[in-house]
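Written below as structure tokens is the structure these notes are about.
Number of protein chains: 2
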Amino acid sequence: MSTYHPLTENEAIEIARSLTSVLPNAETLHCREIGDGNLNLVFHITDPNSGRSLIMKQALPYAKVVGESWPLTLDRARIESESLIIEGKLAPELVPQVYKYDPELALTIMEDLSDHVIMRRGLIEGGRYPRFAEDISTFLAQTLFFTSDLGMNQQEKKLRVRDFINPELCKITEDLIFDDPYTVSANNSYDAAIEDEAEELRTDGELHLEVALLREKFLTQAQALLHGDLHTGSIFITPESTKVIDPEFAYFGPMGFDIGAVLANLLLNYASRDGWHASDSEAADYREYLITTIRDIWTQFEAKFLKLWDEHGIDRIASAAPGYKELYMKRLLQDTIGFAGAKMVRRIVGLAHVADIDRIEDAAVRERAQRTALAIGKSLIKLNRRAESIEQLIDAAVTASSAVKA
Amino acid sequence: MSTYHPLTENEAIEIARSLTSVLPNAETLHCREIGDGNLNLVFHITDPNSGRSLIMKQALPYAKVVGESWPLTLDRARIESESLIIEGKLAPELVPQVYKYDPELALTIMEDLSDHVIMRRGLIEGGRYPRFAEDISTFLAQTLFFTSDLGMNQQEKKLRVRDFINPELCKITEDLIFDDPYTVSANNSYDAAIEDEAEELRTDGELHLEVALLREKFLTQAQALLHGDLHTGSIFITPESTKVIDPEFAYFGPMGFDIGAVLANLLLNYASRDGWHASDSEAADYREYLITTIRDIWTQFEAKFLKLWDEHGIDRIASAAPGYKELYMKRLLQDTIGFAGAKMVRRIVGLAHVADIDRIEDAAVRERAQRTALAIGKSLIKLNRRAESIEQLIDAAVTASSAVKA
Chain V
1 MSTYHPLTEN
11 EAIEIARSLT
21 SVLPNAETLH
31 CREIGDGNLN
41 LVFHITDPNS
51 GRSLIMKQAL
61 PYAKVVGESW
71 PLTLDRARIE
81 SESLIIEGKL
91 APELVPQVYK
101 YDPELALTIM
111 EDLSDHVIMR
121 RGLIEGGRYP
131 RFAEDISTFL
141 AQTLFFTSDL
151 GMNQQEKKLR
161 VRDFINPELC
171 KITEDLIFDD
181 PYTVSANNSY
191 DAAIEDEAEE
201 LRTDGELHLE
211 VALLREKFLT
221 QAQALLHGDL
231 HTGSIFITPE
241 STKVIDPEFA
251 YFGPMGFDIG
261 AVLANLLLNY
271 ASRDGWHASD
281 SEAADYREYL
291 ITTIRDIWTQ
301 FEAKFLKLWD
311 EHGIDRIASA
321 APGYKELYMK
331 RLLQDTIGFA
341 GAKMVRRIVG
351 LAHVADIDRI
361 EDAAVRERAQ
371 RTALAIGKSL
381 IKLNRRAESI
391 EQLIDAAVTA
401 SSAVKA
Chain A
1 MSTYHPLTEN
11 EAIEIARSLT
21 SVLPNAETLH
31 CREIGDGNLN
41 LVFHITDPNS
51 GRSLIMKQAL
61 PYAKVVGESW
71 PLTLDRARIE
81 SESLIIEGKL
91 APELVPQVYK
101 YDPELALTIM
111 EDLSDHVIMR
121 RGLIEGGRYP
131 RFAEDISTFL
141 AQTLFFTSDL
151 GMNQQEKKLR
161 VRDFINPELC
171 KITEDLIFDD
181 PYTVSANNSY
191 DAAIEDEAEE
201 LRTDGELHLE
211 VALLREKFLT
221 QAQALLHGDL
231 HTGSIFITPE
241 STKVIDPEFA
251 YFGPMGFDIG
261 AVLANLLLNY
271 ASRDGWHASD
281 SEAADYREYL
291 ITTIRDIWTQ
301 FEAKFLKLWD
311 EHGIDRIASA
321 APGYKELYMK
331 RLLQDTIGFA
341 GAKMVRRIVG
351 LAHVADIDRI
361 EDAAVRERAQ
371 RTALAIGKSL
381 IKLNRRAESI
391 EQLIDAAVTA
401 SSAVKA
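In order, the protein sequence lines correspond to chains V and A.
So for the first sequence, the UniProt record's numbering puts the first residue at 1; every next one is plus one.
So for the second sequence, the UniProt record's numbering puts the first residue at 1; every next one is plus one.
Pasting the structure below:
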């Protein structure tokens, strides 16, 4: 069983049986493959006697998206398991525990989180998560600070940069987020009703300049170890618990890309409630909940990051230079806002959409949500280098949203 | 002879004898060790019959600077030989040809350039090099463009970033250039006469902010494969030929660091002529020659880099976004100016000085040259983020120089 092949359910059970520390005295184990089969096999293995369980995630040597299939490195399983281990040390309780990683099989065996729900689904259903801002700001502050030149030995960091060189998965982001939506590309996918919007994205020079600058940062700035794909589909949640999963896009990049991903996906849900529930005070309440969450995430992140810097900063001149911290945090906010905008745009016209919006059945309502998301996204991209405060992101969202409704 | 040990002259001859394509039919070979013994052994091997020759450079497992010795990775020999090979492909005739690299012995066998002189020495002696601006601007444009995300496949570039992770040699730069000169450090070394200047460097908050930002770029911005130590002691020259040597500090960093290193070392020579030859019209002429060279290097570099971008740019949105090229070149000039300033400051108060200034015997004259170099360096560092044109660097140099003389 040591050379790579996609596992059968029986093989998965045999491997699980050897993990006696997780599944002690297991007699009969049940196995169910619960992945969508596009990128990975995911086996859910349970011991009905003890109630114990685990997840086995095996990378497949290809990606399937919208019917197409292309080869994809199995090395992403290594990157995912190594990231989870680093994140688990820096942000205990906020990622699934890794029990074992088998490089030959591209297999990660980890904690079963099936008592949680995928946050995107939770938000669509109107769930509220009072711990989320606290937890995700802790996750971001801890993982980003302690893998940056501010918080970790700068020579060790360079060796980590080397370990997390991730060309194939970075290319997916470079194409799908920082190129395709702004040109004619076979990868794009959008409703015919918003062809005018797609055309505008292809011809807006001001937008292209900002996207080129954001793309350059993504390509060159090895600031910290990112999750790399931190949308609400990569978060398992309950009102009491937050778990970040699936860091296979991890690499050393600009911190704002991770923070922006979280905010963008909250804003996509915000956009999905525009028009749809226009007459619904519950929807207005929920929008307010999302805005409050966004504000809390940035505010708490900033406070935690600065506290870590004060207490654990290892770069003498970065800690001592007057004005440097303030400038650093301002640039980080600006990056966050720019990347959030780019993440929103691509979810409307690019290859991969979000269920928050795609699931809206009424075409006119869906179209309005799409236009709202694009209006917010474009305005954040254009704002980014001028931004001074998280309130500007919130204003931009509210303003763009109102403009579409009017 | 396959495990590492410092070679004797006889062992060097034996190895050279095996390179029959370079030294065909060699009977007697002569060998002389011509290195300074601080970092490397350098064997100059000649065949008196044919007149042919070569250089064998072997890394030593330590560095000796000012009497101190510390361990230093032999991997720098790999980085040096791989860099020379890449540079040789991108800028033919502008680096020594590599005949062979032996990883076990940390040994690079290469073209003998002893018909050239070290450029620092040439400048000190008042030499003029009419090809230099042309050659070094070609070297910089070719090596920086074609190893950046603008000019090379962006996935291959990431693998190259991995190959050139160079923690130990980067740390030397991070400490000696971007930290020590601005604090009390045992690594610093300067004449007691300029204690007031050293004190000011330790307390100038505006300067510290700019140095922290430059340091951050050096730590995080994987823009292109740099030479990493491109001062005039790393250039062999004649009026007809320019050869860049010693890229053991190579890594993927901000382009402006290499360009700034060249300009800084021309400006250090410029500073060395202040006061010393004040009544000497030859010195004034030579200063004018240096300024013209600086202007030509930037102007020609910019034109060549933009031409490469037009003809070979591989990044769609970076090539198409209106205003991006202009902004890119402006930021590159700003980085160049900032790094040039940082390189000058450290050569006056830091660990490693330059002969251009240290060789001045008259203490008062030397002190004035040191103050001039510091005044130029500080003014470039403070200018960097506001700069729009290379003329501002030149003005800053002339103005700072006049202020010290007055």
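Just so you know, even glycine gets a beta-carbon here, dropped at the ideal spot from N, CA and C.
Interface annotation, Q154 (chain A): in contact with chain V, CB-CB separation under 8 angstroms. At a beta-carbon threshold of 8 angstroms, the residues of chain V lying near R215 (chain A) are D315, I317, A318, ordered along the chain. Its chain contains A12, C31, E33, M56 as the residues whose beta carbon lies nearer than 6 angstroms to that of F43 (chain V), once the 5 sequence neighbours on both sides are disregarded; these appear in chain order. The CB of F146 (chain A) never comes closer than 7 angstroms to any CB in chain V; the least such distance is about 15 angstroms. Not a single CB atom of chain V sits nearer than 8 angstroms to the CB of C31 (chain A). At least one CB of chain V lies nearer than 8 angstroms to the CB of K158 (chain A).
Proximity of the region 200-217 of chain A to the region 312-332 of chain A falls short of the contact definition, fewer than three beta-carbon pairs being nearer than 8 angstroms. In the structure shown, the three-state DSSP call for G205 (chain V) is helix.
Neighbours of D246 (chain A) in chain V, taken as residues at a C-beta separation under 9 angstroms, are lacking, since the least C-beta distance is about 21 angstroms. For the region 87-102 of chain A, the beta-carbon criterion of a distance under 8 angstroms to any beta-carbon of chain V is satisfied by none of its residues. Close CB contacts of E87 (chain A) within its chain, under the 6 angstroms cut and outside five residues either way in sequence, are with V95, T143 (chain order).
Going by C-alpha positions, K382 (chain A) is about 24 angstroms away from K217 (chain V).
Taking a cut-off of 8 angstroms for Cβ pairs, the region 292-300 of chain V and the region 222-239 of chain V do not touch, as fewer than three such pairs fall below it.
For T173 (chain A), there are no C-beta contacts with chain V under 9 angstroms, since the nearest C-beta of that chain is about 11 angstroms from it. Inclusion of L230 (chain V) and A261 (chain V) in the CB contact set at 8 angstroms is warranted, their separation being smaller than that value. Of the candidates V:R131, V:L39, V:P48, V:L214, the residue whose Cα lies closest to the Cα of W70 (chain V) is V:L39.
Three or more pairs of CB atoms, one per stretch, sit closer than 8 angstroms, so the region 373-391 of chain A contacts the region 256-273 of chain A.
Per DSSP, the unbroken beta strand (DSSP E) holding H30 (chain A) starts and ends at 30-33. At least one CB of chain V lies nearer than 8 angstroms to the CB of R162 (chain A). Close partners of H227 (chain V) in chain A (Cβ separation under 9 angstroms) are lacking, with about 18 angstroms as the shortest Cβ gap. Taken through DSSP and simplified to helix, strand or coil, E210 (chain V) comes out as helix. Bridge pairing for M110 (chain A): A:I55, A:V98 [DSSP].
Taking the Cα of P247 (chain V) as reference, the smallest distance to any Cα among V:P239, V:F339, V:I235, V:G256 is reached at V:I235.
The alpha-carbon separation between E168 (chain A) and L159 (chain V) amounts to approximately 11 angstroms. As computed with DSSP, Q221 (chain V) is found in a beta bridge with A:Q221.
Annotation: the continuous beta strand (DSSP E) that includes V244 (chain V) extends over 241-244. Within the region 128-168 of chain A, the runs of alpha helix (DSSP H) that reach at least 4 residues and sit entirely inside it are, in chain order, 132-145, 154-163. Listed in chain order, the positions of the region 318-342 of chain A with a beta carbon within less than 7 angstroms of a beta carbon of chain V are A318, A320, A321, P322, G323, Y324. Within its own chain, the residues whose Cβ lies closer than 7 angstroms to the Cβ of I237 (chain V), once the five positions on either side in sequence are excluded, are H116, V117, M119, G122, Y129, F132, listed in chain order.
By the beta-carbon neighbour count (other beta carbons within 10 angstroms, threshold 16), G323 (chain V) is exposed. Boundaries cannot be given for Y190 (chain A), as no beta strand (DSSP E) includes it and DSSP labels it neither H nor E.
D356 (chain A) sits buried, since 16 or more C-beta atoms from the chains shown fall within 10 Å of its C-beta. One thing to note: L150 (chain V) has its Cβ no nearer than 8 angstroms to the Cβ of M110 (chain V). Only exposed fits G51 (chain A), as fewer than 16 other CB atoms lie within 10 angstroms of its CB. Taken in chain order, the unbroken stretches of alpha helix (DSSP H) that lie wholly in the region 330-405 of chain V and span 4 residues or more are 355-358, 363-383, 390-405.
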